[in-house]
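One line per chain: the protein sequences are A and B, in this order.
Its first residue numbered 16, the first sequence is counted upward by one per residue in my numbering.
Its first residue numbered 238, the second sequence is counted upward by one per residue in my numbering.
Ideal Cβ placement from N, Cα and C applies to all residues, glycine included.
None of these values were measured; they are calculated from a predicted model.
The structure appears below as structure tokens.
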Amino acid sequence: MFWDCAPSGSVIAGGVALAAGLALGIPAGAPLRRLGGSLLGLAGLIFVLVQGASAQLDGAGDLARVSPAAGAWCLLLVLMLLMADALAQLNPGPRARAGLLALMLVALLALLWSGTLSDLSVMQEFTSRKNAFRSAALRHLALALGSLGAAAAIGFPLGILCHRNAALRGAALPVLSFLQTIPSLAMFGIMIPILGWLAAASPAARAIGIAGIGFAPAFIALVLYALLPVVANTVTGLAATPPAAIEAARGMGMTGAQRLWKVELPLAMPVILAGLRIVLVQNIGLAVIAGLIGGGGFGSFVFQGLNQTATDLILLGALPTVVMALVAAIVMDILVDLARRIPEPLP
Amino acid sequence: MIEIDRITKLYGSTRAVDTVSLTAETGTITVLVGTSGSGKTTLLRMINRLVEPTSGEIRINGEPTHTVKPHLLRRRIGYAIQGHGLFPHHSVARNIGAVPELLGWPEEKIAARVDELLTLFGMEPAAFRNRLPLELSGGQQQRVGVARALASRPDLLLMDEPFGALDPIIRTRAQEDLRTIQRKLGSTILLVTHDMDEAIRLGDRIAVMDGGRLVQYGPPEEIIAEPATPFVADMVGDAERPMRLLSLIPVSELIETGPAEGPSLAADASLREALSACLWTGREAIPIQRDGVPAGRVTLAAIRARAERHA
């Protein structure tokens, strides 16, 4: 129970902070008050967690584990929602958002580094798998960013060609949409026999690391999923260029390439970046499934955890994935805002 | 001089433009007027080869247009369109400097030309050059569009319904400005419109198009007074004809000596304005001033006689 999870002094202090934070944060109207409330509440919650964890473990033996229960997670969710809503209402500019993000990450890292949370079971799983965690994080990033890069390298030219050629557009977009409808588990499954056959048939393919399971099939599946948002947003962005601007560009003597570089692409950039944002967030999530076919990444923790019904291990895979996806979404939003040159009124 | 020589454009079996020939003199405004589907815009776009003619030839200062690469040809021809077509992501200065940039002018020369044009169009360079098109009013956007078309001092300026998106008051002002600037620079302009008023106000010569054919080509007075076909008469509008004619004639043509009461008009006002003043104030004669000095009067009788000559 909440009241006996930690020494009563800590419970009262943390509980008061939590209650005050919620009382400040829940009434709508003043975003700054809501932001303050959510921060106070978070501080209270973490304080109780930390105090509680060490109190519970005291004299409980080496194998004992403490983890937050559903109530704590719910509170965390509520407080995070309050904070997100307050920030959305404050609507900071792109640079302020980048600053806030950096601040949050530093705070999160400091909290993890400081060892305050090291009594929690997730952190104990982390301590015992530090090296595996580091390589999983790098592999996860490589999968998500690498597939993004490959999809962009294929998707931009394809999108530009689709924009110029209606017949190609009519053929390419339905195929990509179809790929998007394949359930992710099935997609990763399909890759195994195809790439397995390829590796068996061609030594050259084997030499560059193509195999039925592992990094290659996961990577290719992610690229296939990423193609539709990249191509579709490139086409949509280019199609949304004002027709009068295109007509003027032609009329003043720009060549096709000049029109593309000077007019169409810059104007389409916000929509194209929005496509990349979808891809990046989607692929960070999907890359978890790659764990199932030996692709590595945080997914390997999740599936190990599922097999052993070890919730903490699942969390060790899931929580960093969520953080990574959130950071990616915020960073890409900032880039989209910067690409969309909003006119600033002159003094 | 622009020579359009038996130019034809077929779309399938439809003759969008049907063997049109006309010559526009250097330093004049030629207005192509017609209803939608008359082929006027197609004809204009064949001059800078946004549309390739099926047959015929167009020569600019004697040089046939089909001997020049289309994008190089277009850099020598200014082009202003309805809804201005400014690049929304570029500043006013970059928009105006777009063609000089394509032509590879040095930066300082472009900047100087941009400031010169902004001044010419009555827009303070320091206040406007760094703005984005979205931060301008409709009239200002349109002026920047025309300034961009003039930036590289082109041999010829093509304008496709350039004032179509403006409200009536700003449109009249923009037309006057264009007239003034054209006289000052001596530009050669071909302008497309569906508005006969605009054609009469701006054109040194008017080309009326109907169903792909050129049905009449002449100065505005001739189009009004002697319409070649019922279609042209319809475009001019029977009821409007006398007023349109009077609007072309300055009062200075009818000045006579004699007394007149009430507020006076300037000598470069049109007879239409004089008539309007007579009717509105119930006067038989209006005093005229030239440069602020009384110069005589214009009488209602004289205006009537001038309009009646075409009966």
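- Among the bridge pairs identified by DSSP, B/Asp242 is matched with B/Glu294.
- Rounded to whole angstroms, A/Leu47 and A/Leu105 show a C-alpha spacing of 8 Å.
- With 16 or more other Cβ atoms inside 10 Å of its own Cβ, A/Gly59 counts as buried.
- Interface flag for A/Val63 against chain B is unset, since no Cβ pair is found closer than 8 Å.
- When Cβ-Cβ separations below 8 Å define contact, B/Pro496 makes no contact with chain A.
- At a cut-off of 8 Å between beta-carbon atoms, B/Val469 makes no contact with chain A.
- Interface with chain B (8 Å Cβ-Cβ cutoff): A/Met98 is excluded.
- Per DSSP, the beta-bridge partners of B/Tyr316 are B/Leu395.
- Under the Cβ criterion of 8 Å, A/Arg265 is counted among the residues facing chain B.
- Under a criterion of Cβ atoms nearer than 9 Å, no residue of chain B is adjacent to A/Thr324; the nearest Cβ is some 55 Å distant.
- Sequence-distant partners of B/Ile407 (beyond 5 residues in either direction) whose C-beta falls short of 6 Å from its own C-beta, in its chain, are Gly376.
- Between the alpha carbons of B/Arg380 and A/Asp348 lies a gap of roughly 36 Å.
- In summary, the residues of the segment 339-358 of chain B whose CB is separated from some CB of chain A by less than 9 Å are Leu339, Leu340, in the order they occur in the chain.
- If you check each beta-carbon in the segment 277-296 of chain B against every beta-carbon of chain A, the ones closer than 8 Å belong to Asn285, Leu287.
- Collapsing the DSSP output to three states places B/Thr256 in a strand.
- Between the alpha carbons of A/Val81 and A/Ser129 lies a distance of about 18 Å.
- In the three-state scheme derived from DSSP, where H, G and I count as helix and E and B as strand, A/Leu90 is classed as helix.
- In the DSSP assignment, B/Met446 is bridged to B/Gly271, B/Leu451.
- Our two residues, B/Ile525 and B/Leu537, have alpha carbons roughly 13 Å apart in a direct line.
- With respect to the C-alpha of A/Val26, the residue from A/Arg49, A/Ala68, A/Gly227, A/Leu239 having the closest C-alpha is A/Ala68.
- The Cβ neighbour count for A/Asn146, taken over all protein chains shown within 10 Å, is under 16; the residue is labelled exposed.
- B/Gln526 sits in a strand when the DSSP states are folded into three classes.
- For the pair B/Pro391 and B/Gln319, the CB atoms are not nearer than the 8 Å cut-off.
- Assignment of B/Ser507 by DSSP, reduced to helix, strand and coil, places it in the strand class.
- Annotated three-state conformation of A/Pro22 is coil, per DSSP.
- Annotated three-state conformation of B/Ala348 is helix, per DSSP.
- Minimum Cα-Cα distance from B/Gly499 among the listed residues B/Met480, B/Ser328, B/Thr265, B/Gly533 corresponds to B/Gly533.
- For A/Ile197, no beta strand (DSSP E) run applies, since DSSP gives it neither H nor E.
- In the structure shown, B/Arg478 falls within a helical segment according to DSSP collapsed to helix, strand and coil.
- Chain B has no Cβ within less than 8 Å of the Cβ of A/Gly252.
- Per DSSP, the beta bridge partners of B/Glu493 are B/Arg534.
- For B/Ala470, the closest alpha carbon among the candidates B/Arg368, B/Pro405, B/Gln453, B/Arg541 is that of B/Gln453.
- In the structure shown, A/Pro244 falls within a helical segment according to DSSP collapsed to helix, strand and coil.
- Residue contact with chain A for B/Tyr316: present (Cβ-Cβ distance below 8 Å to some residue of chain A).
- Against chain B, the CB of A/Glu262 has a partner CB under 8 Å away; the residue lies at that interface.
- In the DSSP annotation of this structure, the continuous segment of the beta strand (DSSP E) that includes B/Leu428 starts and ends at 426-430.
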